[in-house]
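In short: position in the sequence shown from 1, add 21, done, that's this note's numbering.
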Amino acid sequence: MIYQILNVVAPTFIVVMVGWIWAKAGHRFDHDLVTSLIMNVGGPCLIFSTLVELKISASLMGEIGLATLIAIILYGLIGALILKWAGLSYRTFLAPMMFPNIGNIGLPICLFAYGKTGLALAVTVFTVFSLFQFTVGIRLYSGVSSTLGIFKESIIYSVLFSLFFIITGTKPPDILLRTADLLGAFTSL
Numbered sequence: 022m023i024y025q026i027l028n029v030v031a032p033t034f035i036v037v038m039v040g041w042i043w044a045k046a047g048h049r050f051d052h053d054l055v056t057s058l059i060m061n062v063g064g065p066c067l068i069f070s071t072l073v074e075l076k077i078s079a080s081l082m083g084e085i086g087l088a089t090l091i092a093i094i095l096y097g098l099i100g101a102l103i104l105k106w107a108g109l110s111y112r113t114f115l116a117p118m119m120f121p122n123i124g125n126i127g128l129p130i131c132l133f134a135y136g137k138t139g140l141a142l143a144v145t146v147f148t149v150f151s152l153f154q155f156t157v158g159i160r161l162y163s164g165v166s167s168t169l170g171i172f173k174e175s176i177i178y179s180v181l182f183s184l185f186f187i188i189t190g191t192k193p194p195d196i197l198l199r200t201a202d203l204l205g206a207f208t209s210l
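Okay, here's the thing in structure tokens:
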């Protein structure tokens, strides 16, 4: 049992340890570049390749997506009540209460624990959280409506591109899938 848990959790923490050792050794690490690559290249490629390669029913993905949306709403309501009770700013604290960082550690753990199917379902959750974080979350932080701002995010295009192939039942060319797999791998591992 412990061995199975270690097989799921340890690889992610070893990768984190490599990053920590890298920083402690004084090596340069460009946070802006890495974040930009993950958000604009790796994440969208991971979403695309995961969603189009696996044969998961649209109804199951819809159920997971709806459950995620309900969770976001509940996080928001509970968070708002706690913030009101504590007298803290909604603008400062509500978005982090509604939108946890589920990608960097959550995706590889789901992959190692539940295989490619688990990763596909986790990507569905990640996608719903991301879409709302880049609209509602930005609105909460800035006070400015950003509904159209979602079209500046590459994740939305990967979702739309994936939906095209899923709905039409066509298979993307192998060169596209292999490229997306390769570019998406640095996001999930």
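All C-beta atoms, glycine included, are put in the ideal place defined by N, C-alpha and C.
Original post:
If L72 sits next to Y111, beta carbons under 8 Å apart, how far is it from one beta carbon to the other, in whole angstroms?
Top reply: Going by Cβ atoms, the distance from L72 to Y111 rounds to 33 Å, so no, they are not a contact pair.
Original post:
Apart from the five residues just before and just after N12, which ones in its own chain have a Cβ nearer than 8 Å to its Cβ?
Top reply: Because the chain is modelled from 22 through 210, residue 12 falls outside the range shown and cannot be assessed.
**OP:** Could you tell me which uninterrupted alpha helix (DSSP H) segments, each at least 4 residues in length, are contained entirely in the segment 94-148, listed from first to last along the chain?
**Re:** Complete alpha helix (DSSP H) runs here, min 4: 111-119.
Original post:
Secondary structure at E84, three-state DSSP: helix, strand or coil?
Top reply: In the structure shown, E84 sits in a helix (DSSP, three-state: H, G or I).
Subject >> Per-residue burial, I35 [other beta carbons within 10 Å of its own, 16 or more giving buried] >> reply: Exposed, by the Cβ-count rule.
Original post:
What do you get for S80, buried or exposed, if any count of 16 or more other CB atoms within 10 angstroms of its CB means buried?
Top reply: Exposed, by the Cβ-count rule.
**OP:** Run the CB neighbour count on L109, radius 10 Å, all protein chains shown included, and call it buried at 16 or more, exposed below.
**Re:** With fewer than 16 other Cβ atoms within 10 Å, it is exposed.
Subject >> Buried versus exposed call for Q154 [16 or more other C-beta atoms within 10 Å across all chains shown] >> reply: Answer is buried; the Cβ neighbour count reaches 16.
**OP:** Tell me whether I77 sits in a helix, a strand or coil according to DSSP, three-state version.
**Re:** In the three-state DSSP reduction, I77 falls in the coil class, being neither helix nor strand.
Original post:
Is P193 helix, strand or coil when you go by DSSP?
Top reply: DSSP places P193 in coil when its eight states are reduced to three.
Original post:
Alpha carbon to alpha carbon, what distance is there between V39 and K45?
Top reply: K45 and V39 have their C-alpha atoms roughly 10 Å apart.
**OP:** Measuring only between beta-carbons, confirm whether E84 sits less than 8 Å from chain D.
**Re:** Looking for chain D here will not work: only one protein chain is present.
Original post:
With a CB to CB cut of under 6 Å and the five nearest residues on each side skipped, what residues in its chain are close to G97?
Top reply: For G97, the CB contacts under 6 Å within the same chain, skipping 5 residues up- and downstream, are M119 in chain order.
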